[in-house]
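S.K.:
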Amino acid sequence: MWKGIFGDSYMGQWKNSKAHGHGVHQWKNGDRYEGSWHECLKCGKGTDLFANGDLYSGEYSNGKPEGQGVYKWKNGSIYTGEFKNGMKHGKGEWRKVANNPKSNRFEGEYQFDKKNGTGTFTWESGNIYLGSYVNDERHGYGEMYWTDGSIYKGHWRKGIQHGQGVMTFPDGRIKDGFFENNVFKGNTQLLNEDAEKGTRRQ
Numbered sequence: 033m034w035k036g037i038f039g040d041s042y043m044g045q046w047k048n049s050k051a052h053g054h055g056v057h058q059w060k061n062g063d064r065y066e067g068s069w070h071e072c073l074k075c076g077k078g079t080d081l082f083a084n085g086d087l088y089s090g091e092y093s094n095g096k097p098e099g100q101g102v103y104k105w106k107n108g109s110i111y112t113g114e115f116k117n118g119m120k121h122g123k124g125e126w127r128k129v130a131n132n133p134k135s136n137r138f139e140g141e142y143q144f145d146k147k148n149g150t151g152t153f154t155w156e157s158g159n160i161y162l163g164s165y166v167n168d169e170r171h172g173y174g175e176m177y178w179t180d181g182s183i184y185k186g187h188w189r190k191g192i193q194h195g196q197g198v199m200t201f202p203d204g205r206i207k208d209g210f211f212e213n214n215v216f217k218g219n220t221q222l223l224n225e226d227a228e229k230g231t232r233r234q
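In this text, residue positions in the sequence shown follow our numbering: the first is 33, and each later residue adds one.
Take a look at the structure:
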């Protein structure tokens, strides 16, 4: 067993005076890693248990999470999927509450720790968004489905309806045209019980 002058300790396999193979490293601040090492760097499979209560278990490369892994936060949230250079990167699933299948959840693409690409976000309320994300925000084309039956299919900008889109309501109203900062600019179509169309200004 090796003990450092700053309170760290290591117990495991060595090669050329470096941690190499399987081993456990305990840091003075309470962080702990158990798993595979390559020349003093986490590499292969292992588990990090952090002093703040967070946990990561999965694959490593050059000392950082890379490949498939699971990150659990102390607050109960969980991410399962791909990592690169220590960040969520690739395809994965995030849940606000790990053991609650109805909690807020996202499944889709990540880049550099943020939702980027396409994905599906489901709220605990049952509302669902399917579409494009940029830097954690709905951006580009996407479809939003509300539990009251309302549906929006169209473009988004920084999390709000912006651009060409179609909004339909349970009562038959349809807004088909341009949206600007969540506000519809155009005429609303009305469908009566006889399926006859009319229009009115919003």
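Each residue gets a CB set at the ideal place from its N, CA and C atoms; glycine is no exception.
Under the assumption that Glu141 contacts Thr150 (Cβ atoms under 8 angstroms), give the Cβ distance between them as a whole number of angstroms.
M.R.: That pair is a contact at about 6 angstroms.
S.K.: Checking the sheet assignment: what are the DSSP bridge partners for Ser238?
M.R.: Since the displayed the chain opens at 33 and closes at 234, residue 238 lies outside it and no answer follows.
S.K.: Let me check understanding here. Comparing Cα to Cα, which of Gly78, Glu169, Phe82 and His70 lies closest to Gly101?
M.R.: Per the Cα distances, Gly78.
S.K.: For Phe211 versus His194, is the C-beta spacing smaller than 8 angstroms?
M.R.: Against a cut-off of 8 angstroms, the Cβ pair of His194 and Phe211 comes out as a contact.
S.K.: Would you check if the distance between the CB atom of Leu162 and the CB atom of Gly174 is smaller than 8 angstroms?
M.R.: Result yes, Cβ atoms of Leu162 and Gly174 sit closer than 8 angstroms.
S.K.: Going by Cα to Cα distance, which pick from Gln45, Lys190 and Lys60 is closest to Lys74?
M.R.: The residue with the shortest Cα to Cα distance from Lys74 is Gln45.
S.K.: Could you compute how far the alpha carbon of Gly85 sits from the alpha carbon of Lys106?
M.R.: Cα to Cα, the separation comes out at about 5 angstroms.
S.K.: Who are the near neighbours of Met119 in its chain, counting only those whose CB is closer than 7 angstroms to its CB and skipping five residues on each side?
M.R.: Phe144 and Asp145, listed in sequence order.
S.K.: Under a three-way DSSP split, which group does Phe201 fall into?
M.R.: Residue state, collapsed to three classes: coil.
S.K.: Just to confirm, is the Cβ distance from Trp188 to Arg170 under 8 angstroms?
M.R.: Yes, the Cβ-Cβ distance between Trp188 and Arg170 is below 8 angstroms.
S.K.: DSSP has Ala51 in a bridge; who is on the other side?
M.R.: For Ala51, which the question treats as bridged, DSSP gives the partners Trp46.
S.K.: Label Ala51 either buried or exposed according to how many other C-beta atoms from any shown protein chain fall within 10 Å of its C-beta, with 16 as the threshold for buried.
M.R.: Buried: at least 16 other Cβ atoms inside 10 Å.
S.K.: At what residue ranges does the region 78–146 contain a whole run of the alpha helix (DSSP H), taking only runs of 4 or more?
M.R.: Qualifying alpha helix (DSSP H) stretches: none in this window.
S.K.: Using DSSP's beta-bridge definition, name the partner residues of Met176.
M.R.: Looking at the DSSP assignment, Met176 forms a beta bridge with Tyr161 and Tyr184.
S.K.: Report the residue from Arg127, Asn148 and Asn131 whose alpha carbon sits nearest the alpha carbon of Phe138.
M.R.: Taking only the C-alpha atoms, the option nearest Phe138 is Arg127.
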